[in-house]
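Trainee:
Residue numbers (the working numbering): -12 to 204.
#1: So what does DSSP say about residue 54, is it helix, strand or coil?
#2: Roughly how many whole angstroms lie between the Cα atoms of residue 10 and residue 180?
#3: Please tell me whether residue 4 has its Cβ less than 8 Å away from any Cβ of chain B.
#4: Cα-Cα, which of 85, 183 and 77 is closest to residue 25?
#5: Look up residue 209 in the DSSP assignment and give the residues it is bridged to.
#6: Three-state secondary structure (DSSP) at residue 154?
#7: Out of 151, 72, 152 and 51, state which residue places its alpha-carbon closest to the alpha-carbon of residue 97.
#8: Nearest-angstrom Cα distance between residue 178 and residue 33?
#9: Measure the Cβ-Cβ separation of residue 89 and residue 75 and say whether it is below 8 Å.
#10: Quick one: what does DSSP say residue 91 is sitting in, helix, strand or coil?
#11: Quick one: what's got a C-beta closer than 8 Å to residue 203's C-beta in the same chain, skipping five residues either side?
#12: Under the assumption that residue 95 contacts residue 18 (Cβ atoms under 8 Å), give the Cβ distance between them as a whole number of angstroms.
#13: Spatial neighbours of residue 127 within its chain, please: C-beta separation below 7 Å, excluding the five flanking residues on both sides.
#14: Return the chain-ordered list of same chain residues with a C-beta closer than 8 Å to the C-beta of residue 20, the five sequence neighbours on each side being excluded.
#15: Name the two residues that bound the continuous alpha helix (DSSP H) containing residue -10.
#16: Mapping DSSP to helix, strand and coil, what is residue 44?
#17: Alpha carbon to alpha carbon, how far is residue 39 from residue 193? Give it in angstroms, no decimals.
#18: Only counting the same chain, and skipping five residues up and downstream in sequence, which positions put a Cβ closer than 6 Å to that of residue 137?
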């Protein structure tokens, strides 16, 4: 059955775009979903400041009535114009080379219409977005701030001609429950200088008790 690529133009379609990974990864214990609210904000030109220098469109891949993939096409005019690059991001798809090719072709065509000759990704609007492709550590719980994907993503991307550009390494730090010895100095400081910590219930309380006063001398 043919793959049909549909541009996201309505709120209903954007909702399907955002929620597709929930279905794709429903049986994956190590995948951590993005906050849906953040995803909607990211693709709202009125709320995402990156649209001041970027343009983007989202696409869904259908096989019949079933969504089988998604992708975003992005151009960052500050970072990408000199090299005529179009970015792809938010890439998710079932394990099917035809689906991946259709998604990448959609971004390539979108970029070509805008004078782009090179495609790179997975990238976001800027480096503040999640980027890259997981190639090791699939058995570990995904950090909230990093991309998690199935192993077949990299295999199929290489099969259709993509190559690795750089390695990004994640490090896991173990935080011990007990505080390091230097924190014991805080007790001595409190006793000597008669200071103490406060635990306000809200930022409003902080502002009221310790914020700058409005009156002027």
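Beta carbons: idealized from backbone N, C-alpha and C, even for Gly.
Quick caveat, the model's predicted, so the values are computed rather than measured.
Mentor: Quick look at the numbers:
#1: strand
#2: 57 Å
#3: Considering every chain present, this structure includes no chain B. It has just one protein chain.
#4: 77
#5: Any property of residue 209 remains undetermined from this structure, which presents the chain solely from -12 to 204.
#6: coil
#7: 72
#8: 52 Å
#9: no
#10: helix
#11: Confidence in residue 203 is poor, its pLDDT being 44 and thus under 50, which makes the residue's placement unreliable; the coordinate value appears in the next sentence. Nothing meets the Cβ criterion.
#12: Not really, about 27 Å apart at Cβ, beyond 8 Å.
#13: 17
#14: 8, 9 and 12
#15: Looking at the DSSP string, residue -10 is not in any alpha helix (DSSP H), and its letter there is neither H nor E.
#16: strand
#17: 35 Å
#18: none
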